[in-house]
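A.B. asks: Please see the structure below; I have some questions.
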Amino acid sequence: MENKELLGEIEELKLKKDALILAHYYVDGDLQEVADFVGDSYALAKKAVASEKKRIVFCGVKFMGESAKLLNPHKRVFLVDKHALCPMADMITGRDIEEYRREYKDLCVVTYINSTAETKAHSDVCVTSSNALRIVKKIQADNILLCPDKNLGTYIKSQLKDDLKDKNVLIHDGYCHVHEDFTYEAIQEAKAKHPKAPVLVHPEINPACYDLADYIGSTSGILKEARERPEEEFIICTERGILHQLQKDSPHKKFYFTDLKQVCYNMKMLNLEKLRDCLRDDLNEVFLDEDVMEKASRPLKKMLEMAE
Ligand code: 13P
Ligand code: SF4
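Here UniProt numbering is used: the first residue of the sequence shown is 1, the next is one more, and so on.
Okay, here's the thing in structure tokens:
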């Protein structure tokens, strides 16, 4: 089937089903084009809450659809591909969190939105890479657990040195394979090839690379930096799907990646055919246990409150 025909079908189904299509910057460009809104994890969560539509269709991985459902229990939320998962989300469980709680009294559990609903149900507040610093700065507890991403945890700790100096900060050992795989050498090589290009890095990156970064921030932060900086070329250290929006925002600028893969194979499982099927046949609806829904929605709502 021609892409044009498929796009027409998707537009028709979107209206018929009163659906809002949300997409993350890491999915393929054609899905980003068809979406009503493209954003980082935080912006997508906020957009899901603001929408009047009856259903939300998520072009992203499972935790994103689950978060949209947790924030909108009365809406129908669908995933384009239910097999597209974030491996990091499974690197901590509610049981692990309860073990930390047994050991450390007065513990505030700060959980990255890249986590399962079950893990969120055991957490105090969620964060995304674009609001984590603002939120963690406000925490009063003596002990803080940053989970599951060790790299985001290390980044938060390094940025909030003064604010956290009297606190005991624990960092869990999860990671995103796309960002953990970055090496100092690979970025150095890219810099040698493009000496004038600033290096824009996501905070999920391996901390061994911090020294080479000119900017560290979320996907929307990286996009803003590339749009607003005067330089004409950039080295991008995050998942390659972001290139679509980078080029759309600044068609005259040049964007380079390292020789590493920089691909999230889960995000790449999604495509237009699957989106059409999901809309047409009501596939992959997100259903969560009521008790989990109740408990897991609290840290997400807390995030929205504290990020203001
Ligand atoms: P942000 O879009 O919030 O920067 O997150 C990146 C990510 O890894 C999503 O899976
Ligand atoms: Fe998870 Fe990393 Fe893929 Fe984001 S890019 S969904 S953190 S594996």
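Ideal Cβ placement from N, Cα and C applies to all residues, glycine included. All of these numbers come straight from a predicted model, not from anything done at the bench.
Would you check if there are 3 or more beta carbon pairs closer than 8 Å linking the region 157-170 to the region 180-188?
C.D. replies: No, they do not touch.
A.B. asks: By DSSP, does V178 sit in helix, in strand, or in coil?
C.D. replies: Locating residue 178 in the sequence shown gives position 178, counting from the first residue. In the structure shown, V178 sits in a helix (DSSP, three-state: H, G or I).
A.B. asks: Please name the residue in E232, M269, M267 and L7 whose C-alpha comes closest to that of P251.
C.D. replies: As a position in the sequence shown, residue 251 is number 251, starting the count at 1. For P251, the nearest C-alpha among the options comes from E232.
A.B. asks: For a test of the three-state rule: what should DSSP assign to C209, helix, strand or coil?
C.D. replies: For the purposes of this step, residue 209 is taken as the residue at position 209 of the sequence shown. Correct three-state label for C209: helix.
A.B. asks: Please confirm whether any heavy atom of the ligand 13P lies closer than 6 Å to the CB of T219.
C.D. replies: Walking along the sequence shown from the start, residue 219 turns up at place 219. Result yes, Cβ under 6 Å from the ligand 13P.
A.B. asks: Taking 7 Å as the threshold (C-beta atoms), are D124 and C147 in contact?
C.D. replies: As a working note, residue 147 is residue 147 in the sequence shown. As a working note, residue 124 is residue 124 in the sequence shown. No, they are not a contact pair.
A.B. asks: For the beta strand (DSSP E) holding L147, just list the boundary residues, first then last.
C.D. replies: By 1-based counting over the sequence shown, the position of residue 147 is 147. Looking at the sequence shown, residue 147 is not Leu but Cys. Element bounds for C147: N143 to C147.
A.B. asks: Under 6 Å: does the beta carbon of C176 sit that close to some heavy atom of the ligand SF4?
C.D. replies: Mapped onto the sequence shown, residue 176 falls at position 176. Yes, Cβ of C176 sits closer than 6 Å to a heavy atom of the ligand SF4.
A.B. asks: By Cβ distance below 6 Å, which residues in the same chain neighbour Q32 in space, the five residues on each side in sequence not counted?
C.D. replies: Position 32 of the sequence shown, counting from 1, holds the residue named residue 32. Here the set comprises A23, V38 and H244.
A.B. asks: Considering only the beta carbon of each residue, do A296 and A117 sit closer than 7 Å?
C.D. replies: On the sequence shown, residue 296 is found 296 positions in, with the first residue counted as 1. On the sequence shown, residue 117 is found 117 positions in, with the first residue counted as 1. Their beta carbons are under 7 Å apart, which means A296 touches A117 by this criterion.
A.B. asks: Locate the beta strand (DSSP E) running through R102, then write down its first and last residues.
C.D. replies: Along the sequence shown, read from residue 1 onward, the residue named residue 102 stands at position 102. Looking at the DSSP string, R102 is not in any beta strand (DSSP E); the run it does join, the alpha helix (DSSP H), is G94 to E103.
A.B. asks: Which value, in whole angstroms, describes the spacing of the CA atoms of N151 and V201?
C.D. replies: By 1-based counting over the sequence shown, the position of residue 151 is 151. By 1-based counting over the sequence shown, the position of residue 201 is 201. So the alpha carbons of these two residues sit roughly 12 Å apart.
A.B. asks: Taking DSSP as the reference, what is the three-state secondary structure of E52?
C.D. replies: One-based indexing of the sequence shown puts residue 52 at position 52. In the structure shown, E52 sits in coil (DSSP, three-state: anything other than H, G, I, E or B).
A.B. asks: Using CA atoms only, rank isn't needed, just tell me which of N131, M64 and K137 is closest to N114.
C.D. replies: For the purposes of this step, residue 114 is taken as residue 114 along the sequence shown, with counting starting at 1. When each option's Cα is compared against that of N114, the closest is M64.
A.B. asks: Determine the direct distance from the alpha carbon of M303 to that of A45, and round the result to whole angstroms.
C.D. replies: If you number the sequence shown from 1, residue 45 lands on position 45. If you number the sequence shown from 1, residue 303 lands on position 303. If I take the Cα positions, the gap works out to 10 Å.
A.B. asks: Are the region 213-233 and the region 129-143 touching by the rule of at least three beta carbon pairs closer than 8 Å?
C.D. replies: Verdict: yes, contact present.
A.B. asks: Where do the N-terminal and C-terminal ends of the beta strand (DSSP E) with K254 fall, by residue?
C.D. replies: Against the sequence shown, residue 254 aligns to sequence position 254. First-last of the beta strand (DSSP E) with K254: K254 to Y256.
A.B. asks: Give a yes or no on whether the C-beta atoms belonging to V169 and I205 are separated by under 7 Å.
C.D. replies: On the sequence shown, residue 169 is found 169 positions in, with the first residue counted as 1. On the sequence shown, residue 205 is found 205 positions in, with the first residue counted as 1. Not a contact, by the Cβ cut-off of 7 Å.
A.B. asks: Just how far apart, CA to CA, sit H177 and I56?
C.D. replies: Residue numbering aside, residue 177 sits at position 177 when the sequence shown is read from its first letter. Residue numbering aside, residue 56 sits at position 56 when the sequence shown is read from its first letter. Cα-Cα distance, rounded: 28 Å.
A.B. asks: Is G60 helix, strand or coil when you go by DSSP?
C.D. replies: As a first step, residue 60 must be located in the sequence shown, where it is residue number 60. DSSP places G60 in coil when its eight states are reduced to three.
A.B. asks: So for H24, helix, strand or coil by DSSP?
C.D. replies: Against the sequence shown, residue 24 aligns to sequence position 24. Reduced to three states, the DSSP call for H24 is strand.
A.B. asks: Contact defined as beta carbons within less than 8 Å: I believe F78 pairs with C278. What is the distance between those atoms, to the nearest angstrom?
C.D. replies: On the sequence shown, residue 78 is found 78 positions in, with the first residue counted as 1. On the sequence shown, residue 278 is found 278 positions in, with the first residue counted as 1. With 8 Å as the limit, F78 and C278 qualify as a contact, their Cβ atoms being about 5 Å apart.
A.B. asks: May I ask you to report which of helix, strand or coil DSSP gives G39?
C.D. replies: Locating residue 39 in the sequence shown gives position 39, where the first residue counts as 1. Strand.
A.B. asks: Using DSSP's beta-bridge definition, name the partner residues of F78.
C.D. replies: The count along the sequence shown starts at 1 and reaches residue 78 at position 78. Note: F78 sits in a beta bridge opposite V57 and E285.
A.B. asks: Suppose the cutoff is 8 Å on Cβ atoms and the five residues either side in sequence are ignored; what does the same chain contact list for residue 309 look like?
C.D. replies: The structure shown does not extend to residue 309, since the chain spans only 1 to 308, so no value can be given for it.
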